[in-house]
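Residue numbers (our numbering): 124 to 395.
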């Protein structure tokens with residue numbers, strides 16, 4: 124549940140999840156359909172074959188500003204099992220999201236509180252009986268960067284907090300996650316290249332585990348490689364990605380290799 128809520132909040136706060144390299148003159152994206160599969164469970168397949176029932180993942184519908192206004196998720200048989208529709212205010216800020224099942228019945232919904240700067244200061248998730256089941260409060264700095272997230276079920280004493288710090292370029296350089304008892308769960312630091320891509324991060328866990336991530340990117344700012352190192356500097360894992368792009372420069376095929384072996388494939392159809 125927590126991962127789903129974080130993904131929803133990311134959609135709310137983001138301007139677009141489409142590649143940022145698209146020029147202003149490029150045709151606007153209206154809809155995407157995404158499929159994915161693990162090559163550990165099935166062999167690599169032709170692109171068109173990935174859009175069969177058991178590999179369909181989600182679809183997204185965009186407004187004229189390429190911001191998501193509706194998205195749906197598929198089950199393992201190609202049926203849409205959940206649809207989220209996003210309502211916005213007169214300035215384009217998302218203020219409500221309503222989630223329906225495959226038959227159009229209400230499953231749950233969320234609302235947001237927006238301040239005068241367009242920042243989401245509160246996120247509330249409700250069930251079909253209008254009961255508040257999740258509440259998150261956000262704090263921001265003068266530049267509009269979220270510096271604190273505190274969330275949990277209002278009926279529970281378990282509250283989870285995240286603190287974030289930024290540099291002069293408004294890039295996040297540190298994130299601290301706390302357990303419900305107030306102790307630190309993990310701390311992660313970040314470094315960036317001149318294009319704002321994360322090229323190095325260090326993850327410190329409360330149990331003493333440590334991992335450093337070193338990443339590189341292509342000319343479209345999509346990640347190419349990521350190497351994982353332990354506290355002794357020994358490489359313990361690495362990933363690399365390959366992409367195929369359409370004429371507008373948006374990826375339509377993405378492959379992830381783990382330690383040199385193909386592990387996962389994403390396919391995307393884009394309607395302009």
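Beta carbons: idealized from backbone N, C-alpha and C, even for Gly.
Residue i, DSSP secondary structure in three states
i, result
"residue 343", "coil"
"residue 172", "helix"
"residue 177", "helix"
"residue 384", "strand"
"residue 338", "strand"
"residue 218", "strand"
"residue 125", "Low confidence applies here, because residue 125 scores a pLDDT of 48, under 50, leaving its location unreliable and the question unanswered by this model."
"residue 295", "strand"
"residue 395", "coil"
"residue 162", "coil"
"residue 254", "coil"
"residue 145", "Because the pLDDT of residue 145 is 47, which lies under 50, any placement of that residue in the model is unreliable, and the number read from its coordinates should be weighed accordingly. Coil, per DSSP."
"residue 167", "coil"
"residue 260", "strand"
"residue 285", "strand"
"residue 317", "coil"
"residue 365", "strand"
"residue 210", "strand"
"residue 371", "coil"
"residue 189", "coil"
Given residue i as reference, the closest of the options once Cα atoms are compared
i, options, result
"residue 315", "338, 306, 307 and 304", "338"
"residue 322", "238, 350, 231 and 162", "350"
"residue 332", "308, 363, 176 and 229", "308"
"residue 353", "334, 193 and 246", "334"
"residue 200", "176, 188, 185 and 318", "176"
"residue 156", "163, 185 and 165", "185"
"residue 207", "162, 355, 274 and 229", "229"
"residue 329", "336, 343, 301 and 318", "301"
"residue 318", "304, 278, 342 and 216", "342"
"residue 305", "293, 292 and 284", "284"
"residue 268", "373, 279, 292 and 280", "292"
"residue 213", "224, 239 and 270", "239"
"residue 266", "386, 294 and 171", "294"
"residue 286", "274, 270, 386 and 279", "270"
6 Å Cβ shell around residue i - same chain, five flanking residues per side excluded
i, result
"residue 288", "296 and 297"
"residue 310", "299 and 327"
"residue 375", "367, 369 and 391"
"residue 158", "173, 174, 178, 179, 180 and 390"
"residue 290", "296"
"residue 216", "237 and 241"
"residue 244", "236, 238 and 261"
Buried or exposed (CB count within 10 angstroms, at least 16 for buried), residue i
i, result
"residue 150", "exposed"
"residue 226", "exposed"
"residue 169", "exposed"
"residue 357", "exposed"
"residue 272", "buried"
"residue 197", "buried"
"residue 383", "exposed"
"residue 373", "buried"
"residue 188", "exposed"
"residue 362", "buried"
"residue 396", "Residue 396 lies beyond the residue range present for the chain, which begins at 124 and ends at 395; the question has no answer from this structure."
Contact set for residue i: own chain, Cβ-Cβ below 7 Å, skip 5 residues either direction
i, result
"residue 312", "296, 297, 324 and 325"
"residue 340", "320, 346 and 347"
"residue 146", "Here the model assigns residue 146 a pLDDT of 48, short of 50, so the residue's position is not dependable and the matter cannot be decided."
"residue 231", "222, 248, 249, 250 and 251"
"residue 276", "256 and 257"
"residue 160", "173, 178 and 388"
"residue 246", "132, 233, 235 and 259"
"residue 278", "none"
Rounded distance between the beta-carbons of residue j and residue i, thought under 8 Å
i, j, result
"residue 182", "residue 154", "7 Å"
"residue 250", "residue 263", "About 28 Å separates the two Cβ atoms, so there is no contact after all."
"residue 195", "residue 205", "7 Å"
"residue 218", "residue 237", "7 Å"
"residue 152", "residue 393", "6 Å"
Cutoff 8 Å; reference residue i; Cβ partners in own chain excluding five residues on either side
i, result
"residue 364", "345, 346, 347, 348, 377, 378, 379 and 380"
"residue 395", "150, 151, 152, 153 and 371"
"residue 192", "184, 185, 186, 208, 209 and 211"
"residue 163", "386"
"residue 303", "275, 280, 281, 282 and 283"
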